[in-house]
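K.L.:
FYI, the numbering for the sequence shown is -22 to -1, 1 to 182, going by mature numbering (1 follows the signal peptide of the UniProt record, and there is no 0). Beta carbons: idealized from backbone N, C-alpha and C, even for Gly. Values in this document were obtained by computation on a predicted structure and should not be read as measured data. Quick one: structure below, then a few questions.
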Amino acid sequence: MKTLFTMSLSVALFAWSGSKCVAEQFVLFDTTFTFTKADADNSKPSPSHYYVKGDMLNAERPTDWTSPVDYRNGSVHVRLEVIEKPPGDEPTTWSVCYIPNKRQNGGYGCIGTDVYQQAGIYEKDVDMTKFWQNDGIVWTEGIKEMHLVIKDNTGGKGHAHKREDHEKFFPTKVRMTLVQVARGSKYNPKLLPSHPTSDTGDTH
C-alpha cells in the first residue's frame, strides 16, 4: 500500500496533455521543520545542515533525470515559507544542495533561496544547468539526499551557527518545497501539495 507521502507526491507527478500522460513536474521534497541553534551545532556530519533523506524524499523520483523525461535540462521551483523567524530582520538565506548517487567534478551542486528578512513566502525558478556545480552530479544516476544549509548573506561560508549574534537566526521554522519541472514545461502551482508531506523538528 502506498503511504500518504507517496500518494500525495504522485498526484504532482503527472499532468494530462490530450491523450498522453506527460510527466511535467514532480515534488522532490516538501518538508516543514523547526531549526534551533542546538540543532545547527549538533547536526552531523556538518553543522548548520538540515538533512533531507530517506522517506523525506519522493520515493517515486526518477533515477535517470535525463530520460525518458528531461529534468536535468529543465528547472526547479523553490518555494520557501518562513513561518517563524527571530525579530531584527537579519538577512538570511538557505543553500539547497543536491547530493548524488554518483559524483563527478565537485561531487554535488547547490542552489540558493532568495535572501529574506521577515516571515513570508519566497519563490523562485532556477535553471537546472546554471546553478553552482550543477555539473558535479551524474544526473543519469539520480539524487540520494538533499542538504539545506542556513546562512547569512555574506556568501558561501556564512554559516549562521558561527555568528556571535546567532540569536538573530535561531530558532526558525520553515516549510521548504522543491518542484522539479521538465525541460520545455512550466511550473504549475496547482500541483503543489496543499499541506507539507513531512513535518519534523529534528535534524537528520
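Does the stretch 50 to 65 come within contact of the stretch 141 to 153, defined as at least 3 CB pairs closer than 8 Å?
P.N.:
These segments touch.
K.L.:
Which residues in the same chain as D42 place their Cβ atom closer than 6 Å to its Cβ, once the five residues preceding and following it in sequence are excluded?
P.N.:
Here the set comprises T118.
K.L.:
I128 and W72: beta carbons closer than 8 Å?
P.N.:
Yes, the Cβ-Cβ distance between I128 and W72 is below 8 Å.
K.L.:
Count Cβ pairs between the stretch 79 to 95 and the stretch 161 to 176 that sit closer than 8 Å; are there 3 or more?
P.N.:
Judged by Cβ distances under 8 Å, the stretch 79 to 95 makes no contact with the stretch 161 to 176, as fewer than three pairs qualify.
K.L.:
In terms of residue numbering, what span does the beta strand (DSSP E) encompassing K122 cover?
P.N.:
Taken as a continuous stretch (DSSP letters only), the beta strand (DSSP E) holding K122 covers 121 to 129.
K.L.:
Flag this pair as yes or no: are the beta carbons of residue 183 and L156 separated by less than 8 Å?
P.N.:
For the chain, the structure presents residues -22 to 182; residue 183 sits outside this window and is missing.
K.L.:
At what residue ranges does the stretch 50 to 84 contain a whole run of the beta strand (DSSP E), taking only runs of 3 or more?
P.N.:
Complete beta strand (DSSP E) runs here, min 3: 53 to 62, 71 to 78.
K.L.:
Around the C-beta of C(-2), are 16 or more other C-beta atoms found within 10 angstroms, so that it is buried, or is it exposed?
P.N.:
With a pLDDT of 39 at C(-2), under the threshold of 50, the modelled position of that residue is not reliable, and the figure given next carries that caveat. Counting Cβ neighbours within 10 Å, C(-2) comes out exposed, since fewer than 16 surround it.
K.L.:
Looking at the unbroken alpha helix (DSSP H) that takes in D105, where does it start and where does it end?
P.N.:
It is not in any alpha helix (DSSP H) - D105 instead sits in the beta strand (DSSP E) that spans 98 to 105.
K.L.:
What is the residue span of the alpha helix (DSSP H) that K15 lies within?
P.N.:
15 to 20 is the span of the alpha helix (DSSP H), which, as asked, contains K15.
K.L.:
Hey, how far is the Cα of F109 from the Cα of D67?
P.N.:
Cα-Cα distance, rounded: 27 Å.
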